[in-house]
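Residues 1 to 598 (the UniProt record's numbering) make up the sequence shown, in order.
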Amino acid sequence: MAASPPDDGDEWVDAVIAEDLLQKSDPVIQQYLAGRSALIAEEQKQRSDHSFRASLSPMARKAAAIVQRIRAEEQSSTWTPALEESLAVATPTVTVHPGMMFTLAKRTMEATRLWQIVRRLPKGALLHAHCDAMVDFDYLLPLVLDTPGMHMASPTSALATAAQRRDAGVDIRFKQQTNKPRGAPSSSSSIWDDENYVPGTFVPMAEAAETFTPGGRDGFLSWLRSRCVISQTDAVEQHHGVDEIWKKFMGCFEVIGSMIHYEPIWRAFLQRLMKMLVADGVYWVEVRFAWQIDYCREGSEEPELDYTHMFQVIEEEVAKFQATKEGESFWGLRMIWTSLRGLGTRPIIQNMSDCIATKLAFPHLVAGYDVVGPEDAGRPLVDLLPELFWFRKQCAVEGVNIPFFFHAGETLGDGDSTDNNLFDALLLGTRRIGHAFSLYKHPRLIQAVKDKRILVESCPISNEILRLTGSIMQHPLPALLARGVPCALCNDDPAILGQDSEGMTHDFWQALQGWENLGLAGLGSLAENSVRWAAFEDQDAEEWLRDIREASVGAGIKAERLRRWAVEWERYCLWIVTEYGDDGDGEDDGDSDGNNVK
1 MAASPPDDGD EWVDAVIAED LLQKSDPVIQ QYLAGRSALI AEEQKQRSDH SFRASLSPMA
61 RKAAAIVQRI RAEEQSSTWT PALEESLAVA TPTVTVHPGM MFTLAKRTME ATRLWQIVRR
121 LPKGALLHAH CDAMVDFDYL LPLVLDTPGM HMASPTSALA TAAQRRDAGV DIRFKQQTNK
181 PRGAPSSSSS IWDDENYVPG TFVPMAEAAE TFTPGGRDGF LSWLRSRCVI SQTDAVEQHH
241 GVDEIWKKFM GCFEVIGSMI HYEPIWRAFL QRLMKMLVAD GVYWVEVRFA WQIDYCREGS
301 EEPELDYTHM FQVIEEEVAK FQATKEGESF WGLRMIWTSL RGLGTRPIIQ NMSDCIATKL
361 AFPHLVAGYD VVGPEDAGRP LVDLLPELFW FRKQCAVEGV NIPFFFHAGE TLGDGDSTDN
421 NLFDALLLGT RRIGHAFSLY KHPRLIQAVK DKRILVESCP ISNEILRLTG SIMQHPLPAL
481 LARGVPCALC NDDPAILGQD SEGMTHDFWQ ALQGWENLGL AGLGSLAENS VRWAAFEDQD
541 AEEWLRDIRE ASVGAGIKAE RLRRWAVEWE RYCLWIVTEY GDDGDGEDDG DSDGNNVK
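Okay, here's the thing in structure tokens:
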């Protein structure tokens, strides 16, 4: 017969539990934990960053442990209910957590120690970025406004009402100066006057800014900026869907493109881009380029007949920057030529011809070819096969090497035509895939991407702002990393999407704070991959794969730059240990980088 419980039932239950409950030191529990650790460790051997982690120096391991500690501290000290209450004033439904929606977290993340650490990280190469959306508008818009001869027009209507200012077209270009005194009206009409303005009439930008209400110049710049960026409200209103945000997104490009296709602005644009990239630890950039032939030389409003002068300017400005003290560490810049996937056959073929002609004239500046624009709304790659095979044939005839770097899988679809772009990108021989957001749904494709050593150019913040994911926590990139797919982080369109900077620190920070399995070593691996898969020079398929396979032990440009990046990585890890090592013990815990397998 069982003993009767004492009067105090809780004490009796506790006594029974204490007698029968196994302790963690018990051999059965220890055996279970050992098997658990072995299983986790075995899975982590499949990660794409496993070899990088395994080769970390003692200094890098210590730096990784310090960063992991700071990350954990800021999770509990920064992302708190107090922050939630302050943000809720503007956004009542906000819930604060590490890895929350980017536009809501941006100001807070930039005030953290982790931000300062990630800012210094040598990020290597930026492989996926669109030219017009690269330079911050706090710099660009005043530059455009103050450039002599800049005029603006609205091709459809005046900009008198709030709806017109929000939706009507805006065209900004250089026009020949008039002889009127400054401040004198250029005509009887104003672009802000619905009754008298004739659509398509260009007015001096300075005059438009001075007469803007409310706020004059400052109000004008604020309004113009709103036409060039996706606002916080646009970003968080996820219920509007992918198509709605893409309309806003493409409208931004239409306004921006018209203002920077003028030589003085283009030169300043390039200098600002390179300067800010180097400040962010980026040494090389491959820029997607999708301009029509509307570029004008200084003092001329007649567009050039081809891209020769514009690419001469690129060549000159890169050399000019590299000759400066701050440009000594900049390796260079190349363009990935792009056609808009929504166009018909004739304009795409013409654009491809322009690409080949420019490649013949500037072989060192054209790295490859892509088609861009909203995948869901544009032509899928399978529909573009006639044009793409024509392009490949013409490249062979002209003796030029222009490999493919395709956008593909930038979609929520599963098995639709957009999702299937992934299959065509692979079959067409793409060397990297832009976004590949839906790749995680395709086990056979994942294996093929690994076998063919194709890199995924991942742009987490872009995918969030453009409605593919609610936050970094829901992004599929960790699934690709866990399956061994080589990836690199990129910023895509930072000026439009809200980063307000040319660099990649926001995307790197979001990944580090959002994904437990990444850590500093994971960031380092992603940065190293960007150098390993960069198109520093023209190479055939065999040479390209050889240099990727040999990495830093090779003999070419890529190997040399991988070795240079590795030196900067070790210096960076030493800086972390020196700057933050005294804040805690800095000792290794588990594998020191968020992958604790104990």
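Ideal Cβ placement from N, Cα and C applies to all residues, glycine included.
From a predicted model like this one, the values you see are computed outputs, not experimental measurements.
- Within the same chain, Cβ atoms closer than 7 Å to the Cβ of C487 are found at S48, L455, V456, S458, L477, L480, L481, L526, N529, the five residues on either side in sequence being excluded.
- Excluding its 5 nearest sequence neighbours in each direction, D500 has C-beta neighbours in its own chain below 6 Å: D136, listed in chain order.
- For S154, there is no enclosing beta strand (DSSP E), as DSSP marks it with neither H nor E.
- Rounded to whole angstroms, the Cβ separation of I336 and F406 is 10 Å, and the two are not in contact under 8 Å.
- Annotation: V144 to I402 spans about 34 Å, alpha carbon to alpha carbon.
- Excluding the 5 residues flanking it on each side, W575 has same chain C-beta neighbours closer than 7 Å at R120, in chain order.
- For M335, the pairing in a beta bridge is given by DSSP as V287, V366.
- P460 and G429 have their C-alpha atoms some 24 Å from each other.
- Setting aside the 5 residues that flank it on each side, V255 is surrounded in the same chain by V170, R227, C228, each with a C-beta closer than 6 Å to its C-beta; the list follows chain order.
- Annotated three-state conformation of S458 is strand, per DSSP.
- Around the beta-carbon of D218, fewer than 16 other beta-carbon atoms lie within 10 Å, marking it exposed.
- H364 counts as exposed, since fewer than 16 other beta carbons sit within 10 angstroms of its beta carbon.
- Counting along the chain, D424 sits inside the alpha helix (DSSP H) bounded by residues 421-427.
- Within the same chain, M352 come within 6 Å of F391 by CB-CB distance, once the 5 residues on both sides are set aside.
- Close CB contacts of T156 within its chain, under the 6 Å cut and outside five residues either way in sequence, are with A168, G169, P199 (chain order).
- Our two residues, N420 and E375, have alpha carbons roughly 11 Å apart in a direct line.
- When only Cα atoms are considered, W544 and M150 end up about 44 Å apart.
- Secondary structure note for C487: its beta strand (DSSP E) is the uninterrupted segment 487-489.
- According to DSSP, C296 shares a beta bridge with Y262.
- The residues A521, in chain order, have a CB closer than 6 Å to that of R53 in the same chain once the five nearest residues on each side in sequence are set aside.
- Setting aside the 5 residues that flank it on each side, D424 is surrounded in the same chain by L381, V382, each with a C-beta closer than 6 Å to its C-beta; the list follows chain order.
- Looking at the DSSP output, P204 bridges to H151.
- Shown here for S417: same chain residues with a beta carbon closer than 6 Å to its own, the five before and five after excluded, namely P380 in chain order.
- For the options S339, G399, E398, the alpha carbon positioned closest to that of L388 is the one of S339.
- Around the CB of G216, fewer than 16 other CB atoms lie within 10 Å, so the residue is classed as exposed.
- When the Cα atoms are used, Q510 and L273 turn out to be separated by approximately 22 Å.
- Cβ neighbours of Y307 within its own chain (closer than 6 Å, five residues either side excluded): T358.
- Under the DSSP assignment, H130 falls in the beta strand (DSSP E) whose first and last residues are 124-130.
- Only residues of its own chain outside the window of five on either side were considered, and among them I245, K248, F249, C252, I465, I496, L497, G498 have a CB closer than 8 Å to the CB of I230, listed in chain order.
- Under the three-state reduction of DSSP, D492 is assigned to strand.
- The three-state reading of DSSP puts F536 in coil, since its state is none of H, G, I, E or B.
- Taken in chain order, the unbroken stretches of beta strand (DSSP E) that lie wholly in the segment 335-404 and span 3 residues or more are 366-372.
- As the crow flies, the alpha-carbon of P303 is around 8 Å from that of R297.
- M205 is a Cβ neighbour of I172, given a cutoff of 8 Å.
- Taking all protein chains in view, the Cβ of Y32 is surrounded by fewer than 16 other Cβ atoms within 10 Å, so the residue is classified as exposed.
- Taking a contact as a CB-CB distance under 8 Å, the pair V531 and A105 does not count as one, their CB atoms being some 28 Å apart.
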